[in-house]
Amino acid sequence: GTRIIYDRKFLLDRRNSPIAQ
Amino acid sequence: AKKKTVVPGAGEHPLQYNYTFWYSRRTPGRPASSQSYEQNIKQIGSFASVEQFWRFYSHMTRPGDLTGHSDFHLFKEGIKPMWEDDANKSGGKWIIRLRKGLASRCWENLILAMLGEQFMVGEEICGAVVSVRFQEDIISIWNKTASDQATTARIRDTLRRVLNLPPNTIMEYKTHTDSIK
Chain E
1 GTRIIYDRKF LLDRRNSPIA Q
Chain L
22 AKKKTVVPGA GEHPLQYNYT FWYSRRTPGR PASSQSYEQN IKQIGSFASV EQFWRFYSHM
82 TRPGDLTGHS DFHLFKEGIK PMWEDDANKS GGKWIIRLRK GLASRCWENL ILAMLGEQFM
142 VGEEICGAVV SVRFQEDIIS IWNKTASDQA TTARIRDTLR RVLNLPPNTI MEYKTHTDSI
202 K
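Chains as they are written, first to last, in this note's numbering: chain E, 1 to 21; chain L, 22 to 202.
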């Protein structure tokens, strides 16, 4: 199957997303 | 054994694997036997998405601010952060000793690389540990098959890339059977 790959910047950008709060 | 206890919320970004955060702290004066190790280690919680990870991590003390003999462990859900676990017993770990002041940044870079599947070694990664000690801190990443040299070399090269370490940093691979001796 497909692997879910995220780079550091993508993960850091999700840090303050409204969903994460 | 790998039953998932959490799922991504609506609109969240799923991770390739679920993970569990653990915390342990050595009680002064107690022997470091396997039993007391298991008793001292506490589950913080499990997550399945990027957003759920940040909800845990944002509320956790950064390793550089911990005192005493403490460890954070981040392992795939279903794998206990101890060598006796079936996923770990034939495995080993890359160990990097850090001078004081580097642990928080290195730990964050390490776990972001692990959660984002940057190591490209299939199912081999088990988890990561940051160990806060008196004079230095130690970060490590554990994999399933210590004898698989292509995998261990790939993990080492990825660590060098993602941690952005000083050039003189020493990296050491230890099998868990060596660690027990």
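The beta-carbon is built from N, C-alpha and C at its ideal position, and this holds for glycine as well. Keep in mind the model is a prediction, meaning the values are calculated, not measured.
(request) From the DSSP output, read off the bridge partner residues of Leu95 of chain L. (result) Residue numbering aside, residue 95 of chain L sits at position 74 when the second sequence is read from its first letter. DSSP output for Leu95 of chain L lists L:Phe42 and L:Ala149 as bridge partner(s).
(request) Would you check if the distance between the CB atom of Gly143 of chain L and the CB atom of Tyr194 of chain L is smaller than 8 Å? (result) As a first step, residue 143 of chain L must be located in the second sequence, where it is residue number 122. As a first step, residue 194 of chain L must be located in the second sequence, where it is residue number 173. No; because the gap between Cβ atoms is not below 8 Å, this pair is not in contact.
(request) Have a look at Pro84 of chain L and Ile201 of chain L and give me their C-alpha separation to the nearest angstrom. (result) Within the second sequence, the letter at position 63 stands for residue 84 of chain L. Within the second sequence, the letter at position 180 stands for residue 201 of chain L. Using only the alpha carbons, I get a separation of about 25 Å.
(message) Among L:Trp128, L:Arg120, L:Asp86 and L:Ile65, whose alpha-carbon lies nearest the alpha-carbon of Ser77 of chain L?
(response) Walking along the second sequence from the start, residue 77 of chain L turns up at place 56. First, the amino acid is wrong: residue 77 of chain L is Phe here, not Ser. Distance from the Cα of Phe77 of chain L is smallest, within the candidate group L:Trp128, L:Arg120, L:Asp86 and L:Ile65, for L:Ile65.
(request) Just the chain E side, please: which residues come within less than 8 Å of His94 of chain L by C-beta, in chain order? (result) Position 73 of the second sequence, counted from the start, is the residue given in the question as residue 94 of chain L. Correct list: empty, because the minimum Cβ distance to chain E is about 19 Å.
(request) Compare the beta carbon distance of Ile117 of chain L and Ile159 of chain L with 8 Å and say whether it is the shorter of the two. (result) For the purposes of this step, residue 117 of chain L is taken as the residue at position 96 of the second sequence. For the purposes of this step, residue 159 of chain L is taken as the residue at position 138 of the second sequence. Contact check for Ile117 of chain L against Ile159 of chain L passes: the beta carbons are separated by less than 8 Å.
(request) Would you decide whether Gly137 of chain L is buried or exposed? Buried here means 16 or more other CB atoms lie within 10 Å of its CB. (result) The residue you call residue 137 of chain L lines up with position 116 of the second sequence. By the 10 Å Cβ count, Gly137 of chain L comes out buried.
(request) Could you pull the start and end residues of the beta strand (DSSP E) that Gln64 of chain L belongs to? (result) Along the second sequence, one-based indexing puts residue 64 of chain L at 43. Its beta strand (DSSP E) spans residues Ile62 to Ser70.
(request) Determine the closest residue to Lys110 of chain L out of L:Thr166, L:Ser161, L:Glu157 and L:Tyr58, with distance taken between C-alpha atoms. (result) Counted from its first residue, the second sequence places residue 110 of chain L at position 89. Nearest option by C-alpha distance: L:Thr166.
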